[in-house]
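Heads up, the thing below is written out as structure tokens.
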Amino acid sequence: MPVTESSSAAPVRVAALYRFTRFADHTALREPLLAVCKANDIRGTLLLASEGVNGTIAGSPDGIDAVLAHIRALPDCADVDVKFSAASSMPFHRMKVRLKREIVTMGQPGIDPRHTVGTYVDPAEWNALIADPETIVIDTRNDYEVAVGTFERAIDPKTATFRDFPDWFRAQRDQLLGEGKAPKVAMFCTGGIRCEKSTAFLKQEGIDEVFHLKGGILKYLETVPEEESLWRGECFVFDQRVTVGHGLAEGSYGLCHACRRPVSDADRDSPLFEEGVSCPACHAERTDVQRESYRERQRQEWRAARQGFAHVGAVFADGHDDE
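UniProt numbering applies: residue 1 is where the sequence shown begins, and numbers increase by one.
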């Protein structure tokens, strides 16, 4: 996939990727993959499971190309889905290759996007689909992601994790679909991977007309002109950029390093916000003992920064539990 002009001019290339396939022994793939990432000074997180590979990595264009060549040489990974963007500085602190049960955790046995999945809709056709009053539009992301941006008319399930989505849908099914002929259901997520499973799940639940945004929000924001866009707000990403906007430009949100939720300028003005310690969303969720622990970690991070090196406790939460 070619790099956009904007991403080729930036110092750091970011690649978000996934591929559903069937690895006979995914554990044997970890060390060679980690080695090629480290040899090319690539950072980020990649997940390996028996059902495939998923993750986001960042580094030089040549380094990213080397890692993608290695991944494409894995069994049935020649057509791995990759979305490129750019960052003004390295958005990850380290490289991790993790072994998981699922590359996106839904916890539903029998779901296999290789065999059953919804209809892909290109970004250029997405507006017409979701503007149709006969279409139900569902945001499959977590509540803190939806809070910073979503599509017009989209339903927010207010789920804390993707694992909660099946129970939410089953509980809301009658209210969502009504009686008689089932309406069309359009779903979307950050990069497309969650919708591979959520659409497969709805098909398994007997919903026939299920659609999802090909390439996810990231591809939509990259390719649809802002003046034609039905996206409102910014899109949360799982790295130190925190959010991106139209054209995949870096967004305006920061991150609460206590709870990993995005924080706006208004959040920073709140008396409940303390850098590295708490934000309005998590202040009541933490004890005084926990906040003092975070406070000490933040002091160590500032001390290390003054001395010109990164503190080990400052590692960004760059896991991909859901995306």
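We put the CB at the ideal spot given by N, CA and C, even for glycine.
- Short of 6 Å from the beta carbon of A15, and not among the five residues preceding or following it, lie these beta carbons of its own chain, in chain order: I57, I64, V82, F84.
- Relative to the Cα of R13, the nearest Cα in the group G308, D239, E228 belongs to D239.
- Across the set G118, M106, D174, G191, the C-alpha of G191 shows the shortest separation from the C-alpha of L248.
- Taken in chain order, the whole beta strand (DSSP E) runs of length 3 or more contained in the region 136-184 are 149-151.
- The beta-carbon distance between F162 and R194, rounded to whole angstroms, is 6 Å. This is short enough to meet the 8 Å contact definition.
- Look at the beta carbons and you see the region 152-171 not touching the region 247-263: under three pairs across the two are nearer than 8 Å.
- With fewer than 16 other CB atoms across the displayed protein chains lying within 10 angstroms of its CB, Q307 is exposed.
- Under the three-state reduction of DSSP output, L221 falls in the helix class.
- As DSSP reads the structure, C235 sits in a beta bridge with V244.
- Put simply, the region 264-284 does not touch the region 171-186. Fewer than three CB pairs are less than 8 Å apart.
- By the neighbour-count criterion, in which a residue is buried when 16 or more other Cβ atoms sit within 10 angstroms of its Cβ, E51 is buried.
- Contact between Y144 and P262 holds, since their C-beta atoms are separated by about 7 Å, short of 8 Å.
- Secondary structure of N40 (DSSP, three-state): coil.
- In the three-state DSSP reduction, T56 falls in the strand class (E or B).
- Here the C-alpha atom of R232 lies approximately 38 Å from the C-alpha atom of F23.
- Annotation note: the region 238-311 contains the following uninterrupted alpha helix (DSSP H) runs of length 4 or greater, listed N- to C-terminal: 265-268, 288-306.
- Straight across, the Cα-Cα distance linking R19 with S293 is about 39 Å.
- If you draw a straight line from the Cα of E209 to the Cα of T116, it comes to about 12 Å.
- Of all C-beta pairs linking the region 124-139 to the region 148-160, three or more are shorter than 8 Å, placing the two stretches in contact.
- Collapsing the DSSP output to three states places T27 in a helix.
- The beta-carbon distance between G55 and N40, rounded to whole angstroms, is 15 Å. This is too long to meet the 8 Å contact definition.
- Partner residues in the beta bridge of A86, as assigned by DSSP, are R13.
- Boundaries of the alpha helix (DSSP H) around H70: 61-72.
- In chain order, L99 place their CB closer than 7 Å to the CB of T27, counting only its own chain and leaving out the 5 sequence neighbours on each side.
- Within 10 angstroms of the beta-carbon of A160 lie fewer than 16 other beta-carbons, which makes it exposed.
- Contact check for L129 and A186: beta-carbon distance about 5 Å, within the 8 Å limit, so the pair qualifies.
- According to DSSP, D81 shares a beta bridge with Y18.
- When the alpha-carbon of V121 is set against those of L230, K214, S264, the nearest one is in K214.
- Within the region 99-132, the complete beta strand (DSSP E) runs of at least 3 residues fall at 119-121.
- Classified as exposed, D265 has fewer than 16 neighbouring CB atoms from the shown chains inside 10 Å of its CB.
- The C-beta distance from M95 to R43 rounds to 5 Å, short enough to meet the 8 Å contact threshold.
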